[in-house]
Structures are given as structure tokens and as C-alpha cells.
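Using the working numbering, the first residue of the sequence shown is number 105, and each one after it goes up by one. Glycine included, each C-beta is placed from N, C-alpha and C at the ideal position.
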Amino acid sequence: MFPLKRRKITKVEDENQENKICKFPEVAIFILERKMGASRKAFLTRLGRSKGFLIEESLSSSTTHVVSESNTGDEVQTWLNNHTNRQDTTHSVHLLDISWLTESMAEGRPLTPQDRHRLKTSTEPSVDTTTTLMKSYACQRRTPLKHHNAFLTDALEILAANAEFNENEGRSVAFRRSASVLKALPQAVHGMDDLRNLPCLGEHSLRIIKEILEDGTSREVESTVQSAQYQAMKALTGIFGVGVKSADRWFREGLRSPLDLIRTGQKLNQAQQAGVRYYNDLNRPVTKKEAVAISHIVEEAVNAVLPGAIIELMGGFRRGKEVGHDVDFLITHTEEGEEEGLMPKIINWLEKQGLLLYQKTTRNSYLESKDGPARPPHNMDRFERCFSIFKLERDKDSSRSLQETASYDSSTMEGDDRTKEQEPVPSWRAVRVDLVVSPYSQFAFATLGWTGSKLFERELRRWAGQEKGMSLSSHALYDSKQQRYLRANSEEEIFAYLGLEYIPPCERNA
Ligand code: CTP
Ligand code: MN
Ligand code: MN
């Protein structure tokens with residue numbers, strides 16, 4: 105039995121007009137077209153309805169029997185996982201071979217399904233409904249911030265980061281998807297049995313998980329963490345303004361840390377210079393309290409230059425995180441057009457107050473094309489936006505506690521520099537801040553696009569493209585079938601267009 109959400113059984117629906125009389129309304133049959141083809145499905149549908157069977161046009165929460173031909177139970181189950189919307193369940197469906205339907209039609213009534221009719225899934229799904237119902241796209245699931253499997257997801261995310269360092273995106277995304285599935289589980293994984301029927305767990309991820317469950321650690325993860333390449337790439341890409349390509353080049357030249365860049369007099373661009381200068385601060389997590397302090401500054405700046413503008417906190421802090429690597433803001437004004445040219449004014453104000461250590465602003469370059477978005481849609485970063493580093497005054501408490509633990513972090517850039525303990529801790533710290541300005545008509549899309557998590561965003565776009573024939577960006581949603589843009593005033597509307605259950609920000613921590 106495959107659990108689905110129950111709605112009241114509707115008798116004969118419009119789409120069943122061909123049903124002369126629906127004689128068995130309690131058995132709602134859905135015929136899977138997959139591998140069977142449209143014409144055979146249409147034939148079986150007509151035949152079934154002529155005999156009084158209730159055959160549904162599409163899978164719904166009232167479906168009781170799913171019938172398919174030449175599919176394995178696992179294939180049908182995967183299909184259902186992708187085409188049902190809810191994780192909560194109150195009833196189940198039978199997964200049956202076509203022989204059940206043909207025999208039932210020969211008998212003139214729906215037979216009680218026998219073992220020979222049932223499609224075998226790799227396990228008995230009814231044993232554990234949560235694993236059976238785990239959807240395969242992260243945007244179909246609720247992923248809380250705090251979960252039960254950090255001991256596994258941390259390991260998988262190390263391998264994901266390492267794959268990124270090696271510019272193997274496919275492998276990196278595969279590890280991130282696996283980790284994300286474990287984050288969505290309502291309980292800790294104790295054995296491999298707990299993973300039955302979960303989507304997205306590839307052979308490599310399963311091997312790592314098995315090792316950790318059995319031995320407490322994974323050799324591959326351990327050796328990755330200890331490798332010179334991983335450590336250097338982590339340190340070098342940890343510099344603001346440094347991507348994988350530069351980091352890899354420096355690593356091949358024998359450089360291992362930001363100090364090595366200074367010692368060897370590497371040519372750095374402005375962002376990288378700031379990144380090296382504020383390396384320690386920028387690698388220390390930003391607290392919620394600091395994010396709130398930054399919010400007040402941004403509000404003051406925006407209100408000074410455009411009263412009535414709307415300022416929303418985005419990114420990890422909107423998802424409920426307690427710390428972040430930066431603070432993200434989205435700014436708009438209800439009167440479209442008012443927001444134009446806003447960013448330089450904000451930056452100007454902040455600079456006059458001496459609050460900026462670094463900033464780089466890019467102008468809005470988004471243009472809606474009549475023919476829909478370019479493919480692949482690379483219009484993620486077209487807003488007027490600013491990558492910046494703020495100079496944030498420390499409150500007295502945090503200054504004092506830092507002073508007391510002046511040798512706070514062995515991974516700091518000073519490394520073994522013994523003199524630093526004598527140096528006074530500055531009265532301020534550097535904080536990365538991202539500012540984005542969006543026209544009001546794109547605000548819902550921008551909000552959805554800038555809330556994250558990154559994997560959640562990626563999965564939303566993949567779902568839109570692969571399952572809905574739509575193209576989603578932080579600016580717009582384009583329906584390729586209807587060849588038109590779909591307008592939305594809220595995130596809820598966008599989820600609805602995409603045929604997805606609404607997931608609130610605090611459950612988008614995929
Ligand atoms: N984003 C984006 N384009 C970029 C960078 C980021 O659209 N060039 C979006 C990401 O998709 C994400 C959001 O901005 O949804 C926040 O990104 P980021 O600040 O990098 O991550 P957070 O989730 O906020 O995590 P952290 O707490 O580490 O900052
Ligand atoms: Mn962020
Ligand atoms: Mn950011």
C-alpha cells in the first residue's frame with residue numbers, strides 16, 4: 105500500500121462523463137501512462153468506464169488503485185513520489201499490475217487485489233511512511249534548520265565541498281542532495297534499514313553513510329579533511345573575492361593560505377585585497393544580534409534616501425539561522441520606478457558615515473524578453489546589487505570577551521604570530537553584507553530567490569524546468585507552454601503556480 109493524502113471521494117467527476125454509470129465509486133483507479141503510452145491508456149480508460157469502473161484522468165488524493173504496465177514497483181513508487189504533493193498521509197493506494205484491471209473487467213467488478221497483482225517495491229513501504237513519502241525534489245520537502253543527522257550530513261558536505269574544489273559540479277550536487285534528504289528525516293538514522301526507499305541517495309553516499317554507521321567515521325572523509333589540497337582550497341576560497349579557479353591556480357603554485365599570498369606579493373583585485381585584509385573577521389560567523397544591528401543601519405540609510413522603501417532580511421537569517429557568513433537584504437518600493445538608482449544613494453550615505461570598508465555595486469541589467477528568458481536562464485544576478493563589507497562597532501560586551509580570548513582562533517590568519525596577544529582588539533569588526541534592489545513587480549520572485557538555501561533554490565528551478573515546463577529566476581516565472589510570464593505578488597502564489605505545497609522560509613534549509 106502506498107500512502108497518499110485523503111480527500112473526500114468525489115463520485116463521478118466531469119472528466120468521467122464517458123462513465124455511463126459509475127458502479128464502483130469506492131474504487132478510484134488511476135492508470136499510469138508511463139511505458140504504456142497514451143493510446144493504450146485511452147483505450148483501457150474507455151473500456152473500464154464502459155463497465156462502470158471509476159477511472160480518474162489524473163492522480164489525485166482520492167485515488168485508491170494505481171495500475172501500470174511493464175513498470176517495477178519501485179519505478180511506480182518513484183513516479184508517485186514525484187507527483188504527489190504532501191508528506192502527511194492518512195490513506196494508502198494499491199500499486200497494481202495491469203492484470204488486476206483486465207481480470208477485474210473480465211469479472212465485471214473490481215477484484216480484491218491478490219499478491220500476484222501487487223507490484224513489489226524493494227521494501228514494504230507501509231512499515232515506515234516517512235521514508236516512503238520522502239519526495240525527491242528538495243523543494244517538495246520541509247527541511248528544518250535543526251535536524252537529527254548532522255553526524256552524516258557534515259561528512260557528506262565535506263565531500264560536496266571537495267568536489268566543488270575539483271570543479272566537479274555533478275558530484276558536488278549529488279552529495280548535497282543526499283545530505284539534504286537526511287536533513288529532512290524526522291529522526292536520526294541508526295542503520296541502513298532506515299534509508300530504505302529514500303530518494304537521491306547514490307551509491308557513493310550510501311557507502312559513506314554505511315561506513316560512518318558501522319565505524320563511527322569514514323576513511324574517505326577523514327583523508328579528504330587531512331589532505332593538503334582540501335585544506336588549502338578551503339583557506340583560499342574562504343577569502344572574499346576568491347573563487348575556485350584562482351584558489352586552484354595558487355594551490356598549484358604551492359600557496360596554501362592568505363598569508364602566503366601576502367608573502368609572495370600576489371596580484372590581487374580590490375575585492376581580494378579586502379578579503380585578505382579582513383580575513384579573520386569575515387571567517388568569524390555573524391551573529392543574529394550583529395545582523396539586527398546591521399539591519400538598523402541599513403534601514404536608517406535607506407530611509408534617509410528614499411522614505412517609505414521596504415527593506416527585508418533575506419538569506420540564512422530569514423530561514424531562522426542563528427549565525428551566517430553574511431547578512432542579505434532585499435530593498436524595494438511599492439511605487440515601481442522609485443527604486444531606480446537607489447543603490448548608489450544608499451552607498452553614498454553609508455560611505456559618508458564611514459560605515460563601509462568595501463563595496464562593489466552592479467547595475468540592474470535585467471530585461472524581460474517577449475520570447476521568454478534565455479536558455480539556460482542565467483538571469484540570477486541581474487538586479488542592482490552591492491557586495492559590501494560593513495564596519496560594525498562592537499558592543500562593549502563582545503569587545504571585552506574577545507579581548508579576554510585574544511588568541512581566539514587557531515585558524516586565524518595570524519597563525520602562530522605570538523605578538524598578536526598584546527595587540528588591542530579593534531572597537532569594530534568587518535561584516536559581509538549583500539544588498540539587492542528589486543522593482544516591486546519582481547519582489548515576490550526576488551524574495552523567493554534570495555531566501556535560499558542554495559540547494560532549495562536550485563531544486564525549485566530544476567522542478568520548474570523538468571516537471572512543469574517553466575523557467576524560474578529571481579525576476580520572473582515563465583510558462584513555456586503558454587509562452588507567457590506568470591505574475592505573482594507573494595511567494596505563496598509562486599509555489600501555487602509551480603504546483604508545490606508552500607514551504608515557509610524556516611523549512612527551506614535544504
Ligand atoms: N544568491 C544569488 N546569487 C548570488 C549569490 C547568492 O541568488 N550570486 C542567493 C542564493 O541563492 C541564496 C541567497 O542569495 O538564496 C543567500 O545566499 P548566501 O548569503 O550566499 O547564503 P545564505 O543562505 O544566506 O547562507 P549564509 O548564512 O552562510 O550567508
Ligand atoms: Mn547570507
Ligand atoms: Mn549573501
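Let me check understanding here. Comparing Cα to Cα, which of the options lies closest to residue i?
i: MET447; options: ALA408, GLU426 and ARG422; result: ALA408
i: GLU426; options: ALA395, ASN452, ILE435 and GLY412; result: ALA395
i: SER240; options: VAL197, GLY379 and ALA288; result: ALA288
i: ASN71; options: ARG222, PHE549, ARG588 and ALA405; result: It is not possible to answer for residue 71, since the shown part of the chain is limited to 105 through 614.
i: HIS308; options: LEU260, ASN272 and TYR334; result: LEU260
i: LEU305; options: GLN330, PRO290, THR257 and VAL325; result: THR257
i: LEU434; options: ILE401, GLU444 and GLU416; result: GLU416
i: ARG138; options: GLY152, SER162 and PRO129; result: SER162
i: THR436; options: ALA146, SER545 and LYS449; result: SER545
i: ARG367; options: GLU207, ASN373 and VAL380; result: VAL380
i: ALA242; options: SER542, PRO303 and ILE343; result: PRO303
i: ARG533; options: VAL170, GLN370, LEU386 and LEU286; result: LEU386
i: GLU273; options: LEU559, PHE547, ASN468 and ALA397; result: LEU559
i: GLY152; options: PHE134, GLY141 and ALA142; result: PHE134
i: ARG246; options: ALA146, VAL406 and VAL285; result: VAL285
i: ASP201; options: HIS187, ARG220 and GLU211; result: ARG220
In the DSSP output, which residue or residues are listed as bridge partners for residue i?
i: LEU581; result: LEU576 and LEU590
i: ARG222; result: LEU200
i: SER322; result: Looking at the DSSP assignment, SER322 forms no beta bridge with any residue, so it has no partner.
i: LYS495; result: ALA534
i: GLU488; result: VAL541
i: ALA132; result: LEU158
i: GLN463; result: SER492
i: ARG612; result: THR247
i: VAL170; result: PHE134 and LEU199
Return the chain-ordered list of same chain residues with a C-beta closer than 6 angstroms to the C-beta of residue i, the five sequence neighbours on each side being excluded.
i: ALA132; result: LEU158, GLU160, SER166, THR167 and THR168
i: GLU571; result: none
i: GLY441; result: none
i: ASP232; result: In this prediction, ASP232 scores a pLDDT of 49, lower than 50, which makes its location untrustworthy; the coordinate-derived value is nonetheless stated afterwards. Around ASP232: no qualifying Cβ.
i: PHE599; result: TYR606
i: PHE276; result: The question names Phe, but residue 276 in the sequence shown is Ser. Excluding positions up to five away in sequence, the list reads ALA264, ALA267 and GLU268.
i: LEU310; result: none
i: GLN181; result: THR225
i: GLU444; result: none
i: TYR589; result: ALA580 and TYR582
i: PRO214; result: PHE128, VAL131 and SER208
i: ASP192; result: Bear in mind that a pLDDT of 37 at ASP192, under 50, signals an unreliable position, so the model cannot answer this.
State yes or no: is the C-beta of residue i nearer than 7 angstroms to some heavy atom of ligand 2?
i: ASP432; result: yes
i: HIS429; result: yes
i: GLY420; result: yes
Could you name the residues of the same chain whose beta carbon sits closer than 8 angstroms to that of residue i, not counting the 5 residues immediately before and after it, in chain order?
i: ARG144; result: GLU173
i: ALA332; result: ARG360
i: ASP430; result: VAL390, GLY419, VAL535, ARG536, VAL537 and ASP538
i: CYS610; result: PRO248, LEU249, ARG423 and GLY424
i: LEU460; result: ILE451, LEU454, SER492, ILE493, PHE494 and LYS495
i: THR466; result: ASP485, GLU488, ARG489 and CYS490
i: PHE355; result: GLN333, ALA336, MET337 and LEU340
i: MET296; result: LEU310, ILE313, LYS314 and LEU317
i: ARG323; result: GLU315
Can you find the residues in the same chain that come closer than 7 angstroms, C-beta to C-beta, to residue i, ignoring five residues on each side of it along the sequence?
i: GLU596; result: TYR606
i: LYS127; result: GLY156
i: SER584; result: GLY476, GLY573, MET574 and SER575
i: PRO411; result: none
i: GLU561; result: GLY553
i: VAL348; result: GLU268, PHE269, GLU271 and THR341
i: SER531; result: GLU497, ARG498 and SER503
i: GLN291; result: HIS252
Say the cut is 7 angstroms; is the CB of residue i nearer than that to a heavy atom of ligand 1?
i: ASP538; result: yes
i: LYS558; result: yes
i: TRP554; result: yes
i: GLU595; result: no
i: LYS425; result: yes
i: SER578; result: yes
i: GLU472; result: no
i: GLU326; result: no
i: GLY561; result: The question names Gly, but residue 561 is Glu in the sequence shown. GLU561: yes, Cβ under 7 angstroms from ligand 1.
Any chance the CB of residue i is under 7 angstroms from a heavy atom of ligand 4?
i: THR466; result: The model depicted lacks ligand 4 and carries ligand 1, ligand 2 and ligand 3 instead.
field: Within the stretch 235-298, ranges of the beta strand (DSSP E) (whole runs, at least 3 residues)
entry: none
task: At 3 residues or longer, and completely inside the stretch 401-437: list those beta strand (DSSP E) runs for me, N to C.
output: DSSP runs (the beta strand (DSSP E)) wholly in the stretch 401-437: 414-417 and 431-436.
message: I'd like the ranges of any alpha helix (DSSP H) spanning at least 4 consecutive residues and lying wholly in the stretch 363-395.
response: 374-381 and 383-386
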